[in-house]
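Everything below concerns the one structure shown next.
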Amino acid sequence: MTPSLFDDMSYAMAMVYGACSDRLMVNLAKYFKYIHSDKQVKELFEYQARLLAQLGQIDKESADIIFAYMNGADAQLRQALETAIIDAIKPIEKPLRDAAKAGLINGPGVVPPVMSANMTQAFKAYYKQSADKLNLVNTVMLESTRAAYQATVSNVINRIEHSQEILNIGAGEVVTGVSTWNEAMHDAVRDMARNGLTGFVDHAGRRWTPEAYAAMDIRSTMFNTARAAVWERSEEYGADIYQVSSHNGARPLCYPWQGKLISRSGWTGDVEDIDGNTAHVYAEWETSKGEAAGLFGINCRHYPIPFIPKFSALRYKGQDEEENAKTYEESQQQRALERKLRGERLELELLKTQGASADDIRAQETKVDRASDEIDRFCEDTGRARHRDREYTPIDATWPDKETYDATTFPTNERDKINDWFRGE
216 MTPSLFDDMS YAMAMVYGAC SDRLMVNLAK YFKYIHSDKQ VKELFEYQAR
266 LLAQLGQIDK ESADIIFAYM NGADAQLRQA LETAIIDAIK PIEKPLRDAA
316 KAGLINGPGV VPPVMSANMT QAFKAYYKQS ADKLNLVNTV MLESTRAAYQ
366 ATVSNVINRI EHSQEILNIG AGEVVTGVST WNEAMHDAVR DMARNGLTGF
416 VDHAGRRWTP EAYAAMDIRS TMFNTARAAV WERSEEYGAD IYQVSSHNGA
466 RPLCYPWQGK LISRSGWTGD VEDIDGNTAH VYAEWETSKG EAAGLFGINC
516 RHYPIPFIPK FSALRYKGQD EEENAKTYEE SQQQRALERK LRGERLELEL
566 LKTQGASADD IRAQETKVDR ASDEIDRFCE DTGRARHRDR EYTPIDATWP
616 DKETYDATTF PTNERDKIND WFRGE
């Protein structure tokens, strides 16, 4: 299994959701243009009514934007999950087959189809589950865009009402300066950008941005589909034990189980590997599996590796717990800095859309530069690699071309070709 491939594919898909979210924001920003003449300043309540009267048009434009970006999402999700299955099974097929021929596991008399009925059923279940969630993101994103627009209108009005430069003349007539209006526009749209759009609200009431939720869902679904494929394939060969993969920076609930041997059936005891090394086998229920932040939980990058006693080699060489925790913490810090830079860049784009002054644009460009420099310093201090692709959301992002997957996947709609390929034919 190739976790980096899953990360790259889920990130590429999530960026389309991020681009869609940013485009929706930019579209809203055009309704809050800077003014450049006192003649453009209208009575406050007239202004509010005029903006709120645009809600129907806002809904239509937002729906069109979401449809344009999300057209093709379903096909990309299916391709991602098919890729996950093939990538997961590819490295384990020959070892399982060889162990079965050696009589070490209760292998079938013939090589079973790779896309067996159980595996196909698992694929369909994960695909439908993820597709339903992503469709919900589209609905929530549309509702959130409308709410963001209404909140921004109210924010503008409230800021102007509380400005010291406002003079109330007569019943509801408002006179104020250009600078006050523009400052209110700037600050209200900035708040809109920082609050972001919502793509999902979880059971704890936490708001997820569309791209964050899409990335989590797609990545988790790819890993879950791949793990299910490994377990189904192992079961077809009669292999019960697996070893947990390991990587630096593992989450706290996952770290203790890295490299451990686990029995899906609940069997416990000691076994030997091909080199005569002894290791203990734990029952799956003893692990943190099943917890959201536990082994194989949400955003977990670990995967099972089939282990056949006296045939497989133990892969785990040990890892310093303190170093693992440090790496994990630094990865979270870097993600936060990357989100900050993306936010500053979005605010710059919104200011340009609003027709902001050259001074305001230069001030925001300075913030972008400072956020970028902050990442530079962090990477220099920690020795971590800088990932510039995670520091901005290309607003013109589109679904990856089919050619993106050609080097890593097989045309899974052609089941016979897949089965022949695994048999070496």
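Quick note, the working numbering runs 215 ahead of the 1-based positions in the sequence shown. All residues carry an ideal CB built from backbone N, CA and C; glycine is no exception.
Could you tell me the alpha carbon to alpha carbon distance between residue 599 and residue 542, rounded to whole angstroms? Roughly 9 Å between the two C-alpha positions.
Any 3 or more C-beta pairs closer than 8 Å across the stretch 432-440 and the stretch 480-496: no
Is the separation between the beta-carbon of residue 231 and that of residue 564 shorter than 8 Å? no
Just to confirm my understanding: we take residue 265, look at its own chain, exclude 5 residues before and 5 after, and list those with CB closer than 7 Å. What are they? If the five residues before and after residue 265 are omitted, its C-beta is found closer than 7 Å to no C-beta atom of its own chain.
Is it right to say residue 282 is buried, meaning 16 or more other beta carbons lie within 10 angstroms of its own, or is it exposed? exposed
What whole-angstrom Cβ distance do residue 518 and residue 473 have, given they're in contact under 8 Å? Cβ atoms of residue 518 and residue 473 stay farther apart than 8 Å, at about 11 Å.
In whole angstroms, what separates the C-alpha of residue 568 from that of residue 401? Cα to Cα, residue 568 sits roughly 11 Å from residue 401.
Put residue 476 into one of helix, strand or coil per three-state DSSP. strand
If you draw a straight line from the alpha carbon of residue 618 to that of residue 336, how long is it in whole angstroms? In this prediction, residue 618 scores a pLDDT of 49, lower than 50, which makes its location untrustworthy; no coordinate-derived value is stated.
Applying the criterion that 16 or more other CB atoms from any shown protein chain within 10 Å of the CB defines a buried residue, is residue 500 buried or exposed? exposed
Quick one: using the 10 Å Cβ neighbour count with 16 as the cut-off for buried, is residue 390 buried or exposed? Residue confidence for residue 390 is low, a pLDDT of 47 falling below 50, so the modelled location carries little weight; the figure read from the coordinates is stated next. Classification of residue 390: exposed, given that the 10 Å Cβ count is below 16.
Under the three-state reduction of DSSP, which class applies to residue 487: helix, strand or coil? strand
Inter-residue spacing [alpha-carbon to alpha-carbon] between residue 448 and residue 321: 13 Å
Stretch pair the stretch 349-358 + the stretch 270-287: three plus CB contacts closer than 8 Å: Yes: the two stretches touch, three or more of their Cβ pairs being nearer than 8 Å.
Spatial neighbours of residue 334 within its chain, please: C-beta separation below 8 Å, excluding the five flanking residues on both sides. 300, 443, 444, 447, 448
For a quick check, are the C-beta atoms of residue 524 and residue 310 less than 8 Å apart? Against a cut-off of 8 Å, the Cβ pair of residue 310 and residue 524 comes out as no contact.
Nearest-angstrom Cα separation, counted from residue 399 out to residue 560: 20 Å
Of the residues 494, 397, 243, 316, the one placed nearest residue 528, counting alpha carbons only: Comparing Cα positions, the closest option is 494.
Starting from residue 457, follow its DSSP beta bridges and name the residues at the other end. 477, 521, per the DSSP bridge assignment.
So if DSSP puts residue 422 in a beta bridge, which residue, or which two residues, is it bridged to? According to DSSP, residue 422 bridges with 416.
Best match in 562, 578, 548, 483 for proximity to residue 590 [C-alpha to C-alpha]: Its Cα nearest to that of residue 590, the residue 548 stands out among 562, 578, 548, 483.
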